[in-house]
Amino acid sequence: MTYSHNSAKSSQAGLGESCPDQSCRQGTGFKPLMLATAIALSMNLMTGHSFAAQPLTDAETTAAFHKSQQNSSQNNAQNQIYQMTPIVVQAEKDDIIPFGQSVLNQKAIDRYQANNVAQLLDHMPGVGSAGSPRPGGQTINILGMGGVEDVPITLDDSVKSFDKYRQGSVFIEPEILKKITVDKGPHNVEVGNGGFGGKVTLETKDATDLLEAGQKVGALLKYSRFSNNQQNTYTGAVYGQSENALLDGMFYYTNRDSGDVKRPDGSRFLYSAQQQDTYLAKLNIHPAESQKITLNAMQSGHDGWEPFAAMRDQDAVPTEADIKKYGYEGAWKRRLVYRDQKDQSYSAAYELNPESNPYINLKAIASYSKTEQHDKRLPSVTASASTLGNESWVTYTNTAFKLSNISDIETGYGTHKLKLGAQYQKMQQNSLLYDKTNSKKPDYNFGYYEPNYMPAGHQQMLSAFIEDQYQLNDVTITPSLRYDHITNTGKPNRAPRYNDPGAGHDYSSKTYTGWSPRLALAWKQADYLTWFANISKTWRAPRIDEQYYVQSAMTSVPATSRYLLPEKMLALRLGNEMNFDDLFADDDHLQVRLTYYRNRGGDEIFRNRSTFCKAQAENNAKGGNGSIKDCNGKYHHGFYRNVTDYTIKAYEAELFYNQPMWFTGLTYSYIRGQRDNSPVNPWFDQKTWMTDIPPKKATATLGVNVPEHHLTMGWRGIFVAAQDRSLSDNDKSIAASSFSLPKTKGYSLHGVYADWQPVGEKGPRLNLSIDNLFNRDYKMYLGEYMTGTGRDYKLSISQRF
């Protein structure tokens with residue numbers, strides 16, 4: 123049963139049943155009044171005024187009608203820029219109710235024809251991409267938080283955690299995906315050790331997603347062409363299902379081959395070309411009706427000449443002298459690395475869900491993922507260790523296991539859905555560079571050592587959680603509790619310079635333990651209106667880089683940071699969701715969601731820079747020349763420390779209207795983040811703006827359906843406000859400016875698209891789109907003033923056999 127107003131009274135009257143009041147005889151004229159009443163009711167409750175809501179119909183009739191209409195509403199919603207997961211009662215769900223989730227379905231993924239996952243998520247409020255258009259140069263920012271620890275990403279339950287210096291964190295080929303789910307905020311009990319911004323869940327295609335009704339064996343061919351970077355994408359797949367549906371499996375292959383990305387002014391991001399191969403194999407086994415075994419394997423890789431810092435623009439341009447000496451191409455390659463990157467994920471899952479036993483819905487998942495980069499420069503080049511020297515090897519490996527069970531328990535005082543779970547996760551990072559400049563120095567191990575700023579080591583997490591979704595009439599109460607036991611272990615550096623106990627280089631293990639209580643509430647005030655709220659208190663341990671970053675003994679902060687406290691987060695989410703079916707016309711659907719977030723962070727882990735103690739800060743505040751000498755050695759000697767607290771507030775409004783012939787949508791997000799002090803001076807007596815807060819953003823879409831021609835077409839726009847806040851607005855120090863991003867002007871981007879099957883459902887499917895239709899020149903704030911990409915004509919043709 124969805125919480126929506128479905129014109130139940132009009133339907134009853136049409137069947138000859140009695141009408142309980144005069145309102146059901148008003149036809150569609152009554153329904154806009156219901157929408158206005160719902161919005162007014164929301165405002166009244168927010169301001170403390172009372173409102174007496176009368177029942178629309180008896181519960182059994184409403185439930186039956188809602189259930190019959192649910193599929194119609196979901197079908198109408200397929201064309202939205204993304205889908206808001208409707209809040210439903212627990213009886214129809216295999217899992218706990220997800221509040222506030224946003225989902226990109228297969229149709230949306232195909233329509234965007236994105237180069238990367240971050241680009242796909244840019245159309246959601248409160249979600250943005252940071253970085254560059256280069257291969258692997260993107261990270262995901264949710265609610266103003268963009269670190270790998272703040273936005274965990276999983277692919278078919280395999281954890282992805284690449285965190286290399288100046289590189290992106292997302293390398294997944296969008297072509298293999300069928301669904302992307304975004305949770306905003308740290309409100310998911312299955313996410314521990316961070317996830318303050320939210321979680322991104324990626325799901326790959328299955329054979330059953332591609333098979334037509336009654337088909338047992340099939341194949342897919344697809345070709346895509348993008349004009350901006352002359353990109354060609356070739357996709358092929360074979361898939362099948364056994365006669366008795368015992369087995370289904372698929373093999374999927376994609377090759378993405380492109381040139382350099384073009385800017386709006388016609389120039390190009392040199393060496394941004396991409397050539398990537400991706401392989402996906404999947405097998406589902408159904409030993410019995412209540413059991414399922416799933417085996418997944420994904421591999422991808424690309425190689426080529428690239429700038430070392432994939433997230434940045436052209437920050438390594440050759441000089442005129444080098445061009446004259448080495449030639450244009452030779453001079454450029456002296457500033458580049460030849461990068462060989464490989465990414466792989468494997469998972470095995472078992473599900474047991476006997477229909478006759480409501481106490482067993484068991485899921486066990488084992489996963490393994492590995493991402494590695496090997497960078498090599500020309501032999502004649504002498505490169506700095508700050509950019510990983512002349513050659514480097516970096517590998518991030520994740521091993522995980524999760525076991526959970528959900529029990530449905532009926533009582534005389536409501537129903538319970540009880541989830542119990544345990545998790546194991548090990549994140550291991552290995553790094554090695556060859557530093558040609560120090561190849562003859564014993565204290566640098568003759569040039570082969572771990573980068574001091576990217577140490578090797580592993581983090582191991584053991585966790586248990588419990589969550590109880592209790593439903594009593596129209597109220598759902600979901601308390602949960604999670605326990606995490608986390609151990610960080612560093613690996614001693616090969617270079618004696620960075621493995622000196624006298625300098626405080628201690629790579630021994632450090633353990634953090636703690637509880638994360640959460641509470642979720644939902645109240646179905648009326649069939650069309652649901653209120654929801656979450657409050658969560660959670661934490662994260664330092665990452666390996668933060669704990670074991672070192673410098674040499676001659677510096678002011680040479681030591682490892684084993685004294686670090688875990689970061690803390692108290693997060694609040696409040697909102698309501700309104701759903702109306704048959705509001706202005708038959709088979710239409712209106713969905714509105716309003717959400718407020720407040721995240722209060724504490725003991726933030728930040729670099730130990732500029733001002734090291736209170737005495738130094740007071741000396742500077744009085745106009746003196748404060749220095750580290752004022753501290754008399756009484757300060758943290760590691761490269762990281764805990765600073766003071768911060769607050770992030772966010773407001774979101776989402777509205778989607780769908781009917782069989784046309785659809786539209788509007789979203790708006792505003793995020794505001796302030797620290798209590800300055801991150802480079804915890805004793806600063808003013809609040810300062812947080813750096814990674816994106817500007818205000820609105821999106822809009824309008825489209826039409828022409829069912830008789832199997833055609834959908836439309837327009838979409840993204841409207842981004844100016845970002846005129848900076849850390850250096852209040853803290854004028856040089857250190858503060860180094861952590862500030864350039865301010866940016868506002869801009870708007872427009873695009874058009876069309877999905878068409880010209881010869882019917884069995885024929886080829888065409889996706890056409892134009893991104894940045896007016897070739898608008900713009901700068902992205904989270905991209906560190908990165909220039910946006912120019913106009914791009916996109917075409918894909920796919921055919922199933």
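Quick note on numbering: the sequence shown equals residues 123 to 923 in our numbering.
Just so you know, even glycine gets a beta-carbon here, dropped at the ideal spot from N, CA and C.
Kindly indicate the opening and closing residues of the alpha helix (DSSP H) around N742. Going by DSSP, N742 is part of the alpha helix (DSSP H) stretching over 736-743.
Kindly indicate which three-state DSSP category D382 falls into: helix, strand or coil? Note: D382 maps to coil in three-state DSSP.
Residue from F523, G258, Y204 with nearest C-alpha to D244: Residue nearest to D244 within the set F523, G258, Y204 is Y204 (criterion: CA-CA distance).
Is there contact between the stretch 497-511 and the stretch 530-537, where contact requires at least three CB pairs shorter than 8 Å? no
Assuming contact is defined by CB atoms lying nearer than 8 Å, are Y915 and R233 in contact in what I supplied? no
Is the stretch 223-239 touching the stretch 405-413 in the sense that three or more CB pairs, one from each, lie closer than 8 Å? These segments do not touch.
DSSP state of A410, grouped into three classes? coil
What are the boundary residues of the beta strand (DSSP E) that includes G839? 833-842
Can you tell me where the alpha helix (DSSP H) holding D667 begins and where it ends? Its alpha helix (DSSP H) spans residues 666-670.
Helix, strand or coil at K446 according to DSSP, with G and I counted as helix: helix
Looking at T786 and L824, is the spacing between their C-beta atoms short of 8 Å? yes
Look at S631 and T609 and say whether their C-beta atoms are less than 8 Å apart. yes
For R640, list the residues DSSP reports as bridge partners. BP columns for R640 point to S602, S658.
When you compare only the Cα positions, how much space is there between G624 and F568? 21 Å
Is there a Cβ from chain D that is less than 8 Å from the Cβ of D590? Looking for chain D here will not work: only one protein chain is present.
Should L458 be labelled buried (16 or more other beta-carbon atoms within 10 Å of its own) or exposed? buried
Given a threshold of 16 other Cβ atoms within 10 Å of its Cβ, counted over all protein chains shown, does P816 qualify as buried or as exposed? buried
Note the first and the last residue of the continuous alpha helix (DSSP H) segment covering I231. For I231, the uninterrupted alpha helix (DSSP H) segment begins and ends at 228-234.
Simplified DSSP state of D914, which is helix, strand or coil: Of the three classes helix, strand and coil, the one that applies to D914 here is strand, per DSSP.
Under 6 Å Cβ to Cβ from K524, same chain only, skipping five residues before and after it: list those, please. Around K524: I487, Q545.
Which same chain residues, not among the five before or five after K819, have their C-beta less than 6 Å away from its C-beta? S791, V842
Does the stretch 580-598 touch the stretch 676-688, meaning 3 or more C-beta pairs lie closer than 8 Å? no
Going by the CB atoms, is the gap between F728 and V765 shorter than 8 Å? yes
With DSSP collapsed to three states, give me the class of G569. helix
Cα-Cα separation between N894 and K854, rounded to whole angstroms: 37 Å
Pairwise C-alpha distance: L265 and Y97: What the structure shows of the chain is the stretch from 123 to 923, and residue 97 is not part of that stretch, so it cannot be assessed.
Can you find a heavy atom of the ligand NAD that lies under 7 Å from the Cβ of R720? The ligand NAD is not among the ligands present in this structure, which contains no ligands whatsoever.
Going by DSSP, which residues form a beta bridge with F391? Answer is V383.
Distance, L692 Cα to G724 Cα: 8 Å
For Q466 versus H424, is the C-beta spacing smaller than 8 Å? no
Leaving out the 5 sequence neighbours to the left and right, which residues in its chain are closer than 6 Å to Q176 when beta-carbon positions are compared? Reliability fails at Q176, whose pLDDT of 38 lies under 50, so the model's placement of it is uncertain and the value that follows must be treated cautiously. Once the five neighbours on either side are set aside, Q176 has no close Cβ partner at all.
Which runs of the alpha helix (DSSP H) spanning at least 4 residues fall entirely within the stretch 773-806, listed in chain order? none
DSSP has M433 in a bridge; who is on the other side? Looking at the DSSP assignment, M433 forms no beta bridge with any residue, so it has no partner.
Taking three-plus beta-carbon pairs below 8 Å as touching, is the stretch 445-460 in contact with the stretch 395-405? no
DSSP three-state call for V270: helix, strand or coil? For V270, the three-state secondary structure derived from DSSP is coil.
In the stretch 513-585, which residue ranges form an unbroken beta strand (DSSP E) of at least 3 residues, counting only runs that do not cross its ends? 513-533, 536-556
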